[in-house]
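Beneath this line is the structure, given in structure tokens, with notes to follow.
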Amino acid sequence: MSDGWTDRKGRTLINFLANCSAGTMFVKNVDVSDYGKSGDKLAGLLDTFVEEMGEQNVVQLITNNGSDYIAADKILNSKRPNMFWTSCVAHCIDLMLEDRKNSKC
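With our numbering as the guide, the letters of the sequence shown map in order to residues 3 to 107.
Written out as structure tokens, the structure reads:
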């Protein structure tokens, strides 16, 4: 799993977590402030994470639904077609509620 956020200093960070039968654990944090919204760079970062964890140990990636992650999904899916990619449901609901709040209806 990955979760992006911005700290108090304005840095864009991504936390990487792993979930297994023993529970969910923090693996690492990466400062991606210089990445912008690059799907290419994000795909490379996620691919490196899969390699570090061992592809045989990674069944699914769960990320937010940002345009950079969607682009990364398309790139990484061509390299790793047997891996599932799922958008975080909570993020999708948040986006829907924001759209509803901002609609004129």
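Every residue, glycine too, gets a C-beta built ideally from N, C-alpha and C.
Just so you know, these numbers come straight off a predicted model, no measurement behind them.
Only counting the same chain, and skipping five residues up and downstream in sequence, which positions put a Cβ closer than 8 Å to that of residue i?
i	result
residue 31	15, 16, 17 and 18
residue 61	85 and 86
So which of the options has the shortest CA-CA distance to residue i?
i	options	result
residue 92	65, 76, 21 and 80	65
residue 96	68, 80 and 87	68
residue 20	13, 29 and 43	29
residue 49	87, 27, 35 and 25	87
residue 52	40, 78 and 73	78
residue 83	63, 47 and 23	63
residue 27	10, 3, 90 and 94	3
How is the beta strand (DSSP E) around residue i delimited, first residue to last?
i	result
residue 30	25–33
residue 110	The chain is shown from 3 up to 107; residue 110 falls before or after that span and cannot be answered.
residue 62	62–65
By the DSSP assignment, the alpha helix (DSSP H) with residue i in it spans what residues?
i	result
residue 9	That residue, residue 9, is in no alpha helix (DSSP H); it is neither H nor E in DSSP.
residue 76	69–81
Can you check DSSP and say which residues form a bridge with residue i?
i	result
residue 94	None, per the DSSP bridge assignment.
residue 15	7 and 33
residue 20	27
Only counting the same chain, and skipping five residues up and downstream in sequence, which positions put a Cβ closer than 6 Å to that of residue i?
i	result
residue 57	none
residue 37	43
residue 8	14
residue 34	14 and 16
residue 71	65
According to DSSP, is residue i helix, strand or coil?
i	result
residue 39	coil
residue 103	helix
To which residues of the same chain is residue i closer than 7 Å at the C-beta, ignoring the five residues directly before and after it?
i	result
residue 74	41, 44, 45 and 48
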